[in-house]
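Numbering (the numbering used here), first residue to last: 8 to 217.
No residue lacks a Cβ here, since even glycine has one placed at the ideal position from N, Cα and C.
Taking it in order: structure first as structure tokens, then the write-up.
Spelled out as structure tokens, the structure:
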């Protein structure tokens, strides 16, 4: 199946790396252009015509333009009919998709203040108590993931690696790399080691990213 595929976004973006890892799992060839902080501005009229939210990544292919990283990943997996990564049957598919949505809605929101303060040199000027509270929020959400991984003893949605593990795996790596106190979550630690065997995780997480 041949498709002309272009991805707009800088590789330092975790959301761009979700799409790139998905492409690697699917064996898709693509071209990529640097957009975002330090590169071409997403507030430009050219980019806003593609994504009015001025956010990366954007995907352009034979079928048109897409934005929202998790949606792009789902689209690509569906396009290439990789039902091992996103099942076709409604119930197992929903169990994967609930964790995909949890990453975007719950986990992504939880790390915002802590990551910005501790990795991006506290541009919002949070005091120590506010940073500690933000770290607690992030760790509490990771505790939900810990409980799920205790149940599955494998991957996020069950015994097999799925699309949810690409999106959440990069999030786990960000949590591991942020300089802060973390609870001893052994199931997450074991999960991190399992993910480390995947070439996509090695390329798009372990290779100097956070």
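At the level of alpha carbons, what is the spacing between residue i and residue j?
{"i": "residue 165", "j": "residue 171", "result": "10 Å"}
{"i": "residue 158", "j": "residue 59", "result": "40 Å"}
{"i": "residue 182", "j": "residue 82", "result": "26 Å"}
{"i": "residue 8", "j": "residue 71", "result": "Only weak support is given to the placement of residue 8: the predicted model assigns it a pLDDT of 47, under 50, and the question is left unresolved by the model."}
{"i": "residue 122", "j": "residue 130", "result": "11 Å"}
{"i": "residue 13", "j": "residue 192", "result": "38 Å"}
How should residue i be labelled, buried or exposed, when 16 other C-beta atoms within 10 angstroms of its C-beta is the threshold for buried?
{"i": "residue 24", "result": "buried"}
{"i": "residue 16", "result": "buried"}
{"i": "residue 55", "result": "exposed"}
{"i": "residue 212", "result": "buried"}
{"i": "residue 105", "result": "exposed"}
{"i": "residue 88", "result": "exposed"}
Pick out whichever of the options has its Cα sitting closest to the Cα of residue i.
{"i": "residue 21", "options": "110, 103, 73, 56", "result": "110"}
{"i": "residue 160", "options": "100, 179, 191, 196", "result": "196"}
{"i": "residue 169", "options": "91, 69, 68", "result": "91"}
{"i": "residue 125", "options": "214, 185, 102, 103", "result": "185"}
{"i": "residue 75", "options": "135, 143, 26", "result": "26"}
{"i": "residue 199", "options": "214, 177, 44", "result": "177"}
{"i": "residue 138", "options": "120, 128, 154", "result": "120"}
{"i": "residue 19", "options": "136, 112, 45, 113", "result": "45"}
{"i": "residue 117", "options": "140, 48, 214", "result": "140"}
{"i": "residue 189", "options": "180, 142, 155", "result": "142"}
Open item on the list: Taking 8 Å as the cut-off, does the stretch 200–212 touch the stretch 138–152 (at least 3 CB pairs, one atom from each stretch)?
Closed with: no
TODO: Return the chain-ordered ranges of every alpha helix (DSSP H) run that is complete within the stretch 132–208 and spans a minimum of 4 residues.
DONE: 135–159, 170–184, 193–202
Open item on the list: Going residue by residue through the stretch 51–86, where are the continuous alpha helix (DSSP H) segments of at least 4 residues, counting only ones entirely within it?
Closed with: 52–55, 76–86
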